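Q: Taking UniProt numbering, the leading residue of the sequence shown gets 1, the next gets one more, and so forth.
If you scroll down you'll find the structure; I have some questions about it.
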Amino acid sequence: MRTVSPSTFGLFLLSVLLASVSVSAQSVADSYGPVTEEMLVNPPPGDWPMWRRTYGHWGHSPLEQINTSNVGTLRLAWAWTMTEGKQETTPLVHDGMMFLVQACDFVEALDLRDGSRVWQYRREQVEHRASMACANRNGALYQDKLFIATHDAHLVALNARTGEVEWDVAVGDWTIGQHYSGGPMVIKGRVVAGMSGCYHLNTRCWVSAHDVNTGQEVWRTHTIPGKGEFGYDSWGDIPEEDRRGGSAWNSPSYDPDLNLIYTGVGVPIPWGSV
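Structure follows, in structure tokens:
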């Protein structure tokens, strides 16, 4: 009979456990199906593909398994420790996987069955001047990608199954304070997100749309109007270089029937005393 030393047995057991986790993670990733436009308009009951689940930002789940008669019997199934930092994330869920876009653009994908990690993405950090720039509220799911908007003013597409970077484009300039505070939304094949941190002279914040396959910018609308644009005259005699700010600091909403995007903006700069 072959004897196995305690140390050898420990290594064998660890290998078996690691192998089982790897197979579990691989299977949930392999079975992950694409998120379609129809799913974004009308998400399956168990899905949460964007910040507030639906284009209208209702933040409501239609699931009925947990109700007033059984909520008192719930018990912890699993827990996961997220990275350090300011956490404002909304977990995204589709096809057995959960995506956590966390502080300072650290992203993890989990297997919903047991909470095991499928993959992680850690972005190199920059010394950002915006004090709240490291908070990240959400990503957006579409096709086989997870889209994130980063605190160094980039839009990034990650492969939802593997976490590999599909594309990474610079949209703003983090060295002057520009950053993404709210996450993106996908609308008709476009990744739509609003820029924050437009503090410098001659810097107006904006909302822009980018091709989901390449990240190339398709259009840009400034939140502070320029000469010849609607609302320009409302600024009176304030010099044009002083017309700045208007951070689009949260994810926009969308009306598919009217084909209209709605976004809130922060204060213009300079602001007067009340």
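Virtual Cβ for every residue (Gly too), placed ideally from N, Cα, C.
Fair warning: this is a prediction, and the values are worked out from it, not measured in the lab.
Would DSSP call VAL28 helix, strand or coil?
A: Three-state DSSP puts VAL28 in a helix.
Q: Flag this pair as yes or no: are the beta carbons of residue 275 and GLY46 separated by less than 8 Å?
A: Because the chain spans 1 through 274 in this model, residue 275 falls outside it and cannot be assessed.
Q: For GLN178, is the classification buried or exposed, using 16 other Cβ atoms within 10 angstroms of its Cβ as the cut-off for buried?
A: Answer is buried; the Cβ neighbour count reaches 16.
Q: So who's on the other strand from TRP48, going by DSSP bridges?
A: In DSSP, TRP48 forms a bridge with VAL93.
Q: Express the C-alpha separation of CYS104 and VAL21 in angstroms, rounding to a whole number.
A: Residue placement at VAL21 is flagged as unreliable, the pLDDT there being 42, under the threshold of 50; a coordinate-derived value is accordingly withheld.
Q: Any contact of the stretch 146 to 154 with the stretch 171 to 190, i.e. 3+ C-beta pairs under 8 Å?
A: Enough Cβ pairs lie closer than 8 Å, so yes.
Q: Measuring only the C-alpha atoms, how far is GLY56 from MET97?
A: Answer to the nearest angstrom: the Cα atoms are 23 Å apart.
Q: Taking only the alpha-carbon atoms, compute the straight-line gap between PRO6 and VAL118 and give it to the nearest angstrom.
A: Model confidence at PRO6 stands at a pLDDT of 39, short of 50, so the residue's coordinates are unreliable and nothing is read from them.
Q: Quick one: Cα of ASN250 to Cα of LEU258, how far?
A: Those two C-alpha atoms are separated by around 21 Å.
Q: Would you call the stretch 61 to 78 and the stretch 178 to 195 in contact, with 3 or more CB pairs under 8 Å?
A: These segments do not touch.
Q: Kindly indicate the opening and closing residues of the beta strand (DSSP E) around MET185.
A: Run containing MET185: 185 to 187, per the beta strand (DSSP E) assignment.
Q: Kindly indicate which three-state DSSP category VAL267 falls into: helix, strand or coil?
A: Reduced to three states, the DSSP call for VAL267 is coil.
Q: So what's GLY245 in DSSP terms, helix, strand or just coil?
A: GLY245 falls in the strand class under three-state DSSP.
Q: Kindly list the residues whose CB is nearer than 7 Å to the CB of ASP144, restricted to its own chain and excluding five residues on each side of it in sequence; keep chain order.
A: Closer than 7 Å at the Cβ level, and outside the excluded window around ASP144, lie PRO34, ASN159, ALA160 and ARG161.
Q: Tell me the DSSP bridge mates of GLN143?
A: Its beta-bridge partners are VAL35.
Q: Return the Cβ separation of GLN120 and GLU108 in integer angstroms, given the expectation that the two are a contact with Cβ distance under 8 Å.
A: Yes, GLN120 and GLU108 are in contact; Cβ-Cβ is about 5 Å, under 8 Å.
Q: Could you check whether PRO225 and GLY231 sit closer than 8 Å to each other, using their CB atoms as the reference points?
A: Contact flag set, yes.
Q: For TYR180, which of ASP95, VAL101, PRO268 and SER31 has the nearest alpha-carbon?
A: Checking every option, the nearest Cα to that of TYR180 belongs to VAL101.
Q: Just to confirm my understanding: we take THR214, look at its own chain, exclude 5 residues before and 5 after, and list those with CB closer than 7 Å. What are they?
A: Closer than 7 Å at the Cβ level, and outside the excluded window around THR214, lie TRP167.
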